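Residue numbers (this note's numbering): 113 to 418.
Heads up, the beta-carbon is just placed ideally off N, CA and C, and yes, glycines get one too.
Model, not experiment: these values are computed from the prediction.
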């Protein structure tokens, strides 16, 4: 039997964002005339959990949907405790050569557990729009669907997830002058800056901290104690710390990324071994005795227990 569904990743597409899973469908029109109503992807791992995508190419008829594509995210191995997850469904746009989030660019939040293991959209895209447009179907009748997801936290109690949609000014640049004259045994703090209405700092150890002392620069992201987080709550953030490469090639910037649930008592997160000291000159990361450090927070959500 011909396999019309090919699991991702899809390496031939350009400008593909960090979707955790993609599913290429070859001959979409043939898939629609098959007697099989739904198509379940193989399991894939993302954020420490196993998932599947469930596609209804003609709509989920048991819910009265016949004119839209229906698409769902399913936890393949549900846990007995709730897992708060934010996800976006993606469709590849062949005109723009990038993925588009549908039907809502901001995505949705869903609580998965052993009772509710599935979430998604009954009406992802109108079939008429999908099948008559050259945006989403290639000349060979193929299309690519995907999902990008973030697991904010799991808890044996309950939690409420409030997504901070696209925080404005989500980057901050810190210029560190006179690098060679800085105190090797002192922690250095950036000026306070705000992202998503929360105060942040960067903390730098020019000669390293802990086991990395004398070997690497240590760099940390610090959430200020004035952050508006209620008792029992956490601020989940996904972030990148970047040190500029001064050669002009942005592909050579030194970048590390991580995620952390900031809460009282755990206000900082980062890298004890951000970059080796002997790489600063070699990688073009220092110029005129100055470092340029940039932080970018790509996703934020407030998680509150209840």
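Residue i versus residue j: straight-line alpha-carbon distance, rounded
{"i": "residue 332", "j": "residue 413", "result": "20 Å"}
{"i": "residue 341", "j": "residue 375", "result": "8 Å"}
{"i": "residue 307", "j": "residue 144", "result": "46 Å"}
{"i": "residue 117", "j": "residue 177", "result": "Any reading at residue 117 must be qualified, since the residue scores a pLDDT of 42, below 50, and its modelled position is unreliable; the value itself is stated next. Between residue 117 and residue 177, the C-alpha separation is close to 22 Å."}
{"i": "residue 316", "j": "residue 360", "result": "24 Å"}
{"i": "residue 336", "j": "residue 395", "result": "32 Å"}
{"i": "residue 248", "j": "residue 179", "result": "16 Å"}
{"i": "residue 402", "j": "residue 293", "result": "11 Å"}
{"i": "residue 351", "j": "residue 134", "result": "23 Å"}
{"i": "residue 415", "j": "residue 229", "result": "20 Å"}
{"i": "residue 196", "j": "residue 167", "result": "22 Å"}
As assigned by DSSP and simplified to three states, the class of residue i
{"i": "residue 177", "result": "coil"}
{"i": "residue 318", "result": "coil"}
{"i": "residue 235", "result": "strand"}
{"i": "residue 384", "result": "strand"}
{"i": "residue 248", "result": "coil"}
{"i": "residue 414", "result": "strand"}
{"i": "residue 230", "result": "strand"}
{"i": "residue 323", "result": "helix"}
{"i": "residue 150", "result": "coil"}
{"i": "residue 157", "result": "strand"}
Identified DSSP bridge partners for residue i
{"i": "residue 223", "result": "196"}
{"i": "residue 408", "result": "283, 352"}
{"i": "residue 183", "result": "167, 233"}
{"i": "residue 369", "result": "352"}
{"i": "residue 210", "result": "205"}
{"i": "residue 338", "result": "Looking at the DSSP assignment, residue 338 forms no beta bridge with any residue, so it has no partner."}
Residue i CB to nearest heavy atom of the ligand FMN below 7 Å
{"i": "residue 224", "result": "In the structure on display, the ligand FMN does not appear, and there are no ligands present to speak of."}
Nearest candidate by alpha-carbon position, reference residue i, set the options
{"i": "residue 309", "options": "348, 295, 339, 391", "result": "339"}
{"i": "residue 299", "options": "330, 399, 186, 168", "result": "330"}
{"i": "residue 285", "options": "404, 212, 151, 345", "result": "404"}
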